[in-house]
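All remarks here apply to the structure that follows.
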Amino acid sequence: MNLDPIVVTGMGVVSPLGVGVETAWTRLIAGRSGVVANTRFDVSAFASTIAGLVPSKADDPDGFDPRDWIEAKDIKKMDWFIQYGIAAATQALAQAGWKPESAAERDATATIVGTGVGGSPLMAQTATTIQERGPGRLSPFTVPAFLANLAAGWISIREGFTGPIGAPVTACAASAQAIGDGMRLIRTGEAEVVVCGGAEGSVDPISIGGFAAARALCTSFNDDPARASRPFDQARAGFVLSEGAAMLVIERLSHARGRGATPLAILSGYGTSADAYHLTAGHPDGIGAQKAMRSALAMAGLAPGEIDYINAHSTSTGVGDAAEIAAIGHVFAGRGQDLPMSATKSSTGHLLGAAGAIEAVFSIMALREGIIPATINLDHPDEAAARFDLVPKVPRRKKLTHVLSNAFGFGGVNASLVFSAVS
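For the sequence shown, counting from 1, position 99 maps to 415 in my numbering; every step adds exactly one.
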């Protein structure tokens with residue numbers, strides 16, 4: 317197994333805070349919220365009428381227009397999550413300066429892109445088409461437009477990457493696991509470079525209605541969307557469904573230096589585990605989350621006291637927040653206000669399968685810029701969480717060396733990543 321450090325050399329983002337890493341980061345640090353009234357479809361009959369929508373370029377100069385990234389003839393062949401994934405991957409590859417030309421380089425490039433739901437908007441649209449017009453009116457591109465692995469497939473085909481390919485479909489931990497899977501491929505020598513992350517585009521009637529039926533979505537701030545996502549706050553009332561994508565390019569440090577690439581951060585640790593407890597709720601003591609964090613720390617060769625910042629998974633649900641705080645309390649026993657921990661979902665909402673990757677990007681930017689993003693909307697912290705420094709409302713300058721980013725999902729899946737500064 318090759319233990320040469322693995323570094324991040326490229327990043328890309330499509331998010332409710334805009335398109336591009338710098339745009340999303342600048343707006344995050346400014347305390348902006350990407351949560352808005354949901355105009356994607358008629359929500360008049362739905363309990364939750366808000367969402368974290370990727371802004372269109374017509375409404376925001378830093379918004380999304382698929383024509384900036386994809387040929388017009390191909391746009392109709394893919395659902396939103398694929399479009400977002402392609403845009404984020406294109407950005408990450410450009411920053412990394414990775415465009416392999418030889419067959420050997422293409423064989424050594426892997427593509428691992430997770431998603432929580434895949435193309436559910438198209439699935440909903442397809443069901444309507446069948447009911448109203450019959451199955452004969454379906455496009456031959458219907459199935460490949462919504463399959464969960466097609467974000468990875470499209471990126472691989474467009475770029476000519478012929479190395480390993482994968483698509484974790486592990487709910488809200490999918491993109492963190494994609495990054496971890498990419499790390500393993502490099503360590504075992506199966507790949508030299510990996511494009512990894514996640515994409516989600518599931519703001520649709522099925523997802524909004526289903527999550528609301530499970531009482532997971534926030535329905536208390538429909539008239540004030542920007543205040544709806546409230547991790548750690550006593551007034552939290554569920555998560556806000558969001559969309560977008562984030563990608564990393566990772567490779568061995570020696571490989572990056574050999575081709576003149578600039579390492580942005582070291583991917584120093586990864587851990588994953590299962591709760592084996594409940595379909596939608598984490599273990600109250602966060603047993604699986606504890607294991608994931610401990611495994612990530614062990615791989616990184618770090619003690620809990622060496623972590624300078626945690627980007628919490630915290631989604632703004634009472635059960636989920638409590639389980640994560642319990643887990644962090646066990647793993648980081650003895651630490652309290654000396655451990656900064658913020659929840660960037662307070663600004664973005666919950667990108668489901670893309671959440672782990674966008675929060676990895678934010679963790680890397682925190683390392684590089686020496687700025688910890690704030691937890692906005694934190695007016696009255698709950699008692700259990702208040703033992704830690706939750707970085708309320710205002711970002712903080714702090715030199716960071718090692719940061720931990722968590723991602724936990726339905727089905728009891730847990731994933732933690734450790735990023736370290738490049739010396």
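Glycine is no exception: its CB is placed at the ideal position from the N, C-alpha and C atoms.
With contacts defined by Cβ atoms closer than 9 Å, E516 and G469 do not form a contacting pair. Bounds of any alpha helix (DSSP H) do not take in G669, whose DSSP letter is neither H nor E. According to DSSP, N722 shares a beta bridge with S732. Annotation: the region 414-438 contains the following complete segments of the alpha helix (DSSP H) (minimum length 4 residues), in chain order: 419-423. In the DSSP assignment, R568 falls within the beta strand (DSSP E) that extends over G560 to R568. With respect to E567, V323 sits close: the two C-beta atoms are nearer than 9 Å. Setting aside the 5 residues that flank it on each side, R453 is surrounded in the same chain by T445, each with a C-beta closer than 7 Å to its C-beta; the list follows chain order.
For the 9 Å CB-CB criterion, A544 and S732 do not form a contact.
One thing to note: C488 has its Cβ within 9 Å of the Cβ of T631. Between G430 and A628, the CB-CB gap reaches or exceeds 9 Å.
Between the alpha carbons of Y400 and G347 lies a distance of about 23 Å. The DSSP-derived three-state label of G347 is coil. Annotation for G526: no residue places its beta carbon closer than 6 Å to its own, counting only its chain and skipping 5 residues before and after. Within 10 angstroms of the beta-carbon of H594 lie fewer than 16 other beta-carbons, which makes it exposed. No Cβ-Cβ contact shorter than 9 Å links D381 with A388. Of the other Cβ atoms in all chains shown, 16 or more fall within 10 Å of the Cβ of E508; this residue is therefore buried. Taken atom to atom, the span from the alpha-carbon of K714 to that of G686 is near 5 Å.
Annotation: R610 to V647 spans about 7 Å, alpha carbon to alpha carbon. Contact between the region 696-709 and the region 595-610 is absent, with fewer than three C-beta pairs closer than 8 Å. A contact between stretches requires three or more CB pairs, one per stretch, nearer than 8 Å, and the region 520-534 meets this requirement with the region 347-367. Residue environment: V734 is assigned as buried (16 or more neighbouring CB atoms within 10 Å of its CB, all protein chains considered). Around I692, the same chain offers G347, S349, S662, S663 and K709 as residues with beta carbons nearer than 7 Å, after the five sequence neighbours per side are excluded.
Distance from R712 to P656 at the Cβ level is roughly 7 Å; contact confirmed, criterion being Cβ atoms closer than 8 Å. Remark: fewer than three beta-carbon pairs, one from each stretch, lie closer than 8 Å, so the region 449-464 and the region 405-420 are not flagged as touching. Just measuring C-alpha positions, the residue of L564, I644 and V510 sitting nearest A702 is I644. Here F548 is not near D423, since their CB atoms are 9 Å or more apart. Taken atom to atom, the span from the alpha-carbon of G476 to that of E699 is near 52 Å.
Residue range L466 to E475 is occupied by the alpha helix (DSSP H) that includes E475, with no beta strand (DSSP E) assigned at that position. Going by C-alpha positions, S518 is about 34 Å away from T504.
With contacts defined by Cβ atoms closer than 9 Å, S558 and L694 do not form a contacting pair. Here G513 is actually not in contact with A483; their C-beta atoms are around 11 Å apart, not less than 8 Å. Exposed is the label assigned to G450, since fewer than 16 other Cβ atoms lie within 10 Å of its Cβ. With 16 or more neighbouring CB atoms inside 10 Å of its own CB, D395 falls in the buried class. Between Q606 and P697, the CB-CB gap reaches or exceeds 9 Å. Around the beta-carbon of P377, fewer than 16 other beta-carbon atoms lie within 10 Å, marking it exposed. For M327, the pairing in a beta bridge is given by DSSP as L564.
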